[in-house]
Amino acid sequence: MANARANGQWYPPEWPDRIRALAAGTLTPVTPRRAATVMLLKDTGAGTAVHMLRRRTSMAFAGGAYAYPGGGVDPRDDDRAVGWAGPTRAWWADRLGVDEAGAQAIVCAAVRETYEEAGVLLAGPTADSVVGDTTGADWEADRAALVDRELSFAEFLDRRGLVLRSDLLGAWARWITPEFESRRYDTWFFVAVLPEGQRTRNASTEADRTVWITPAEATAGYDRGELLMMPPTVATLRALAACGTAAGALAAAPDRDLYPVLARARLEGDEVVLSWPGHEEFTKHVPSAPPAPATPSDPTGGATA
Numbered sequence: 001m002a003n004a005r006a007n008g009q010w011y012p013p014e015w016p017d018r019i020r021a022l023a024a025g026t027l028t029p030v031t032p033r034r035a036a037t038v039m040l041l042k043d044t045g046a047g048t049a050v051h052m053l054r055r056r057t058s059m060a061f062a063g064g065a066y067a068y069p070g071g072g073v074d075p076r077d078d079d080r081a082v083g084w085a086g087p088t089r090a091w092w093a094d095r096l097g098v099d100e101a102g103a104q105a106i107v108c109a110a111v112r113e114t115y116e117e118a119g120v121l122l123a124g125p126t127a128d129s130v131v132g133d134t135t136g137a138d139w140e141a142d143r144a145a146l147v148d149r150e151l152s153f154a155e156f157l158d159r160r161g162l163v164l165r166s167d168l169l170g171a172w173a174r175w176i177t178p179e180f181e182s183r184r185y186d187t188w189f190f191v192a193v194l195p196e197g198q199r200t201r202n203a204s205t206e207a208d209r210t211v212w213i214t215p216a217e218a219t220a221g222y223d224r225g226e227l228l229m230m231p232p233t234v235a236t237l238r239a240l241a242a243c244g245t246a247a248g249a250l251a252a253a254p255d256r257d258l259y260p261v262l263a264r265a266r267l268e269g270d271e272v273v274l275s276w277p278g279h280e281e282f283t284k285h286v287p288s289a290p291p292a293p294a295t296p297s298d299p300t301g302g303a304t305a
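Its first residue numbered 1, the sequence shown is counted upward by one per residue in our numbering.
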């Protein structure tokens, strides 16, 4: 790591050099790819819990970090043939700050990725119903076809006679990967209550572990440095902790501010200062080089004759 951390904040060691290159004009920012992630919630005896997965340590982006099911938009996610229930595409476009095609693509990505990575499907045969069981060989075959992009989400819904239940989602936050990162995402975070009869499982090839954990437990683990997480994950967990129930979180979503959070980096003397506006706890001060180690003959660490 480029600097020590007392908590579990994910911080790649190459960031300081990339930040300096961006400041010098030798690094061109990558255009962020639209993405969606879903915080699945359920009420337990210990309180409201959220479903999280741990990314494999071999992953190039955020390896070992805890996150939610999610991923990038599929170019076919804006297919107008998709079965749709709940608020209109125009309503979602206004809520998400994009056009109608973009709104459908983002909402579809949220539902599709949740099914691909957690086996949970926010869809039903009618506008007021939801599937109760997504297990079995035939469901798994369709899920694998979605993952391999052999089947579009619209085709999947049509084949199953289902409509996407957009009313089961609540838009919660929007974070954009910093300009100096090589893999960038413009990500919308959603909340959803686990449908009755369905259960989560680790269906992702990118995760080696999944857990149901209360937001308070997750952030406590992060604060102790035991759970590695990215700033958006920590920030959304802290906000979720204030909600009494899963239904309460979904009800609170319409009032959430979706103004995008984008990290800022600046040079202050020999330090790189990295900050996320509105989220001071994630600010990092990174020296240009670590101090020279002290020697027995010079405990101050300076040069000796």
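C-beta atoms are modelled at their ideal positions from N, C-alpha and C, and glycine is treated no differently.
In the DSSP annotation of this structure, tryptophan 172 is not part of any alpha helix (DSSP H); the continuous beta strand (DSSP E) holding it starts and ends at 170–176. For aspartate 270, no beta strand (DSSP E) segment is defined, and its DSSP state is neither H nor E. The beta carbons of valine 131 and alanine 123 sit about 6 Å from each other, so the pair counts as a contact at 8 Å. In this structure, the alpha-carbon of aspartate 223 lies about 10 Å from that of methionine 229. Collapsing the DSSP output to three states places glutamine 198 in coil. In the three-state DSSP reduction, proline 16 falls in the helix class (H, G or I). Contact check between the region 41–59 and the region 85–105: fewer than three CB pairs, one atom from each, fall below 8 Å, which does not count as touching. Secondary-structure assignment with DSSP links glutamine 9 through a beta bridge to Met229. By the Cβ criterion, the region 20–31 is in contact with the region 172–183, since at least three pairs of Cβ atoms, one from each stretch, lie closer than 8 Å. Of the other Cβ atoms in all chains shown, fewer than 16 fall within 10 Å of the Cβ of proline 254; this residue is therefore exposed. The three-state reading of DSSP puts glycine 97 in coil, since its state is none of H, G, I, E or B.
Scanning its chain for C-beta atoms nearer than 8 Å, with the 5 sequence neighbours on each side dropped, one finds around arginine 238 the residues Pro215, Thr219, in chain order.
Listed in chain order, the non-local C-beta contacts of proline 87 below 7 Å within the same chain comprise Ser166, Asp167, local neighbours out to five positions each way being set aside. Cβ neighbours of arginine 33 within its own chain (closer than 8 Å, five residues either side excluded): Gly72, Val73, Arg184, Tyr185, Asp186.
Proline 195 is not a Cβ neighbour of glycine 161, given a cutoff of 8 Å. Look at leucine 121 here: in three-state DSSP terms it is coil, with no helix or strand label. Residue pairing by DSSP places phenylalanine 190 opposite Val38, Ala171 in a beta bridge. Just so you know, the alpha carbons of serine 275 and glycine 25 end up roughly 20 Å apart. Distances from the alpha-carbon of valine 163 to those of Thr114, Gln198, Trp84, Thr134 put Trp84 closest.
DSSP places phenylalanine 156 in the helix class (H, G or I) of the three-state scheme.
When the beta-carbon positions are compared, valine 38 and glycine 70 come within less than 8 Å of each other. In this structure, the alpha-carbon of arginine 55 lies about 6 Å from that of alanine 65. For glutamate 181, the three-state secondary structure derived from DSSP is coil.
CA-to-CA, the gap between leucine 240 and alanine 249 works out to about 7 Å.
Straight across, the Cα-Cα distance linking proline 287 with arginine 20 is about 12 Å. Under the three-state reduction of DSSP output, aspartate 43 falls in the strand class. Straight across, the Cα-Cα distance linking methionine 52 with valine 273 is about 30 Å. Counting along the chain, no alpha helix (DSSP H) covers proline 287; the unbroken beta strand (DSSP E) around it starts and ends at 279–287. Beta-bridge pairing by DSSP links tyrosine 66 to Arg54, Met229.
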